[in-house]
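Here's the structure we're looking at; comments come further down.
Residue numbers (this note's numbering): 513 to 769.
And the structure:
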């Protein structure tokens, strides 16, 4: 069945303006009626719009959705299976947050006691889910499921003091990098201090005894190789991720040149 832009907008719950925009950016381009040049959406476009809306629901930006759908190896069934898994994870995350709020309300009413760790379980779970979505595949490929599962478990067991310390440590690393990067010396005192704190940050999450200079440097190499990681440290300034990698190379006794 074919639909006009108004009919598809009504069917999908989207606005006509949204569908026009998708056409404009090359995300969802319908055929044109030969007589009047009106947009005509067929079965293929309807299926593609469903995919777009599912990816949007999962938080993907439109430019990334476009790249995924236009990839030569894109398979709809495989994509739907992946989306289903992600939606189930999101459902579990929301159920955890709902339970967290219910417990908090009950504690306020004096109906139960809620310890400090329980108060933040939902937020920590959200962080883990977000990290898995953005970085999980690459990290698991590089370091193995056991290492990543152990790190996630360790985060979930952190009390509020440990959680705050981890967040503060992360901010101190970024602050030092923001001071060291303009100096342009990865061997400098501030850059090397950032590396030492980064090691501390890693060790606070990984299983005891699993840190090594090789693993530390391998992670830094991954930061540069993957744009998802690069975007995090390049917030300090374009090229900061490579600068940090060079600093970690010096800190761990490697040569990147």
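Even glycine gets a Cβ: it sits at the ideal position worked out from N, Cα and C. Everything numeric in this text was worked out from a predicted model, so none of it was measured.
Which residue comes first and which comes last in the alpha helix (DSSP H) that contains residue i?
| i | result |
| --- | --- |
| residue 524 | 517-524 |
| residue 535 | 528-536 |
| residue 713 | 701-715 |
| residue 729 | 725-737 |
| residue 621 | From DSSP, residue 621 is part of no alpha helix (DSSP H); its letter is neither H nor E. |
| residue 757 | 752-764 |
With distances taken between CB atoms, is the gap from residue i to residue j smaller than 8 Å?
| i | j | result |
| --- | --- | --- |
| residue 759 | residue 715 | no |
| residue 613 | residue 693 | no |
| residue 725 | residue 753 | no |
| residue 681 | residue 713 | yes |
| residue 540 | residue 560 | yes |
| residue 531 | residue 520 | yes |
| residue 729 | residue 761 | yes |
| residue 755 | residue 698 | yes |
| residue 517 | residue 551 | yes |
| residue 554 | residue 514 | yes |
| residue 578 | residue 538 | yes |
| residue 689 | residue 745 | yes |
| residue 757 | residue 727 | no |
| residue 581 | residue 563 | yes |
| residue 711 | residue 723 | yes |
Does at least one heavy atom of the ligand GDP sit under 7 Å from the Cβ of residue i?
| i | result |
| --- | --- |
| residue 557 | The ligand GDP is not part of the structure shown, which contains no ligands of any sort. |
inquiry  = Would you call the stretch 579-598 in contact with the stretch 543-553, where contact means no fewer than 3 C-beta pairs closer than 8 Å?
reply    = no
query = Enumerated in chain order, which unbroken segments of the alpha helix (DSSP H) with a length of 4 residues or greater are wholly contained in the stretch 531-591?
reply = 555-569, 574-582
request  = Give, in chain order, every unbroken run of the alpha helix (DSSP H) that is at least 4 residues long and sits entirely within the stretch 665-698.
outcome  = 672-692
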